[in-house]
Every structure is written in structure tokens, then in C-alpha cells.
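Sequential numbering from 288 applies to the sequence shown in the numbering used here. Quick reminder that beta carbons are idealized off the backbone N, C-alpha and C, glycines included. Below is one structure, written out as C-alpha cells; comments come after it.
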Amino acid sequence: MTQQSKTAFKDWADYYRQASASGEALAYPSETLVRLFKGKYITGMPRDFHGLSVLDVGCGGANNALMMARLGLRVFGTEVDESLCREARDILASQGFEADFRVGTNTRLPFDDDQFDFLVSWNVLHYENTEPDIVAGLQEYARVLKPGGRLLLSTTGPDHAILKNARTLGGHRYQIGREDDFRKGEIYFYFDSPAYIHFYFDPVFHQVQVGRTHDRLFNDTLDWFIVTAVK
Numbered sequence: 288m289t290q291q292s293k294t295a296f297k298d299w300a301d302y303y304r305q306a307s308a309s310g311e312a313l314a315y316p317s318e319t320l321v322r323l324f325k326g327k328y329i330t331g332m333p334r335d336f337h338g339l340s341v342l343d344v345g346c347g348g349a350n351n352a353l354m355m356a357r358l359g360l361r362v363f364g365t366e367v368d369e370s371l372c373r374e375a376r377d378i379l380a381s382q383g384f385e386a387d388f389r390v391g392t393n394t395r396l397p398f399d400d401d402q403f404d405f406l407v408s409w410n411v412l413h414y415e416n417t418e419p420d421i422v423a424g425l426q427e428y429a430r431v432l433k434p435g436g437r438l439l440l441s442t443t444g445p446d447h448a449i450l451k452n453a454r455t456l457g458g459h460r461y462q463i464g465r466e467d468d469f470r471k472g473e474i475y476f477y478f479d480s481p482a483y484i485h486f487y488f489d490p491v492f493h494q495v496q497v498g499r500t501h502d503r504l505f506n507d508t509l510d511w512f513i514v515t516a517v518k
């Protein structure tokens, strides 16, 4: 594990603990993820999820995990710190759901091969900061999905506010430069166009589709690439 990874993991654990303590933790799931599960935007998406399994990589405050549990999915997840896993378990348990959350990362998922019907990676993959780790993360996602299992992924787009004042390092790598963000100085990997998503995803997955959401919310722009693919 690199020093940046250790620093980033600590920063994220501190962020989630502070957000929980202050009441600022995300209380609702991603609207886009809800649409993907409940809408008719993806050909072949099942309508009944009861008994199917999902791995929520980087589950954060469990806001998406809770939504998926309510859909009937058996929920598993990872976070970078055991305290975050424990809090996620407690959140789902408080609503009557059992879930299995374990310490893990994009490139090291502590689960068996061919285990999950779905894998959700929501604004997580880009925290790997080298091309080899991006490739390793995608291969690890495919490893734990069942044959025919589906990936649902969100990742930062090129117009996103997080890139304001970022330093371009080449090879899709950017050093965060925002003074108002706790990640300032850390380096992340952002896809610059849908073509690059296909470049990295197509060798690992089938039926790769790329969408995008782009919201201009007065002071900032939120720009996300949305990817679905099949193992």
C-alpha cells in the first residue's frame, strides 16, 4: 500500500466519522443509481431483485446499500476501515437488514470468485492513482461477479468541480488543488472521455455502455460518467 493510499484511507475514515457525528452524512441514495435499478434504462435489467446479491464497493455511509437492501438484494460491501464497516452494518441492522461489510479496496476484494449478481462501484474506482491499479481494479470487479453479473459504476467526468485548480500530471492523473477539499494534494485517475472508458473496460467486460450526468448547481458543476457492463 502506498503512502498516499494510507493517507487517503485515513482521510476518508475521518470524513465519514465526522459526517456521521455532525449529522451531515448522506441520508439518501444516489438518484442515478435508483433510476438504474428501478427504471428501464438498461436492457436486460431484472425487475425483481429478491434473492440476488450485490457488492457495494466503497459503501461509505451505506446510503446506497440500504436502498439496495430495500429492493430485496442480499447486500455485501467494502470500506477501507473496519469502523466504517461496523457503522454500515449497524445502519442496515437498525432497519432490519443483515449485511456483510468487510475491509477491502478496489484491487483487493475479500470475497470469492463468481459470487455476486451485481457489483456497484459508485465514485470509487478513480481513487486508484495509476493505470495498473485501474486495470487491476476492473479485473478484481470481474473476478467476484458471477458470469453474466452486471457492473454499475459511476466515476468523475472531466467537467467536475473537483478538478478545479487540479494539476494535470498526464496519463489521466490529476492532483487535487481545491483549497476547500480535504483531498487537496492527493492524486487520482479520471477518465477524460467515453472512448477511454471503453479502452479500459472492453478488455474485461462485455456489453459496456457509457452514460453521463451533468448538473450545474449554481456554484459548482457535478459531472459523472455512468457505466454498466456484463461479465
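Taking the C-beta atoms as reference points, Ala-352 is found nearer than 9 Å to Val-362. Per DSSP, reduced to three states, the secondary structure at His-501 is strand. Here Arg-376 carries a helix assignment [DSSP, helix/strand/coil].
When secondary structure is reduced to three states using DSSP, Glu-369 falls in the helix class.
The continuous stretches of beta strand (DSSP E) do not include Arg-395, and DSSP gives it neither H nor E. Judged by DSSP secondary structure, Pro-419 falls within the alpha helix (DSSP H) whose first and last residues are 418-431. Ranking Tyr-414, Pro-333, Leu-425 by CA distance to the CA of Val-495 puts Leu-425 first. It is roughly 34 Å from the alpha-carbon of Asp-387 to the alpha-carbon of Pro-445. Taking C-alpha positions only, Gly-383 is separated from Arg-376 by approximately 11 Å.
Around Ala-423, the same chain offers Thr-394 as residues with beta carbons nearer than 7 Å, after the five sequence neighbours per side are excluded. No Cβ-Cβ contact shorter than 9 Å links Glu-418 with His-447. Here Arg-437 is buried: its Cβ has 16 or more other Cβ atoms, across all protein chains shown, within 10 Å. Annotation for Lys-471: Ile-463, Gly-464, Arg-465 place their beta carbon closer than 8 Å to its own, counting only its chain and skipping 5 residues before and after.
If you draw a 10 Å sphere on the C-beta of His-501, you find fewer than 16 other C-beta atoms in it, and that means exposed. The DSSP assignment places complete alpha helix (DSSP H) segments of no fewer than 4 residues inside the stretch 315-367 at 318-325, 350-357, in order along the chain. Residue environment: Phe-486 is assigned as exposed (fewer than 16 neighbouring CB atoms within 10 Å of its CB, all protein chains considered). Taking Lys-518 as reference, the option from Phe-512, Asp-468, Asp-400, Lys-433 with the minimal CA-CA separation is Lys-433. In the three-state reduction of the DSSP assignment, Ile-484 falls in the helix class, which pools H, G and I.
Judged by DSSP in its simplified three-state form, Tyr-414 adopts helix. With fewer than 16 other beta carbons inside 10 angstroms of its own, Leu-456 counts as exposed. Less than 9 Å divides the Cβ of Gly-359 from the Cβ of Gly-338.
In the DSSP assignment, the residues bridged to Asp-510 are His-501. The three-state reading of DSSP puts Ile-449 in helix, counting H, G and I together. With a threshold of 16 other beta carbon atoms within 10 Å, Asn-452 falls short and is exposed.
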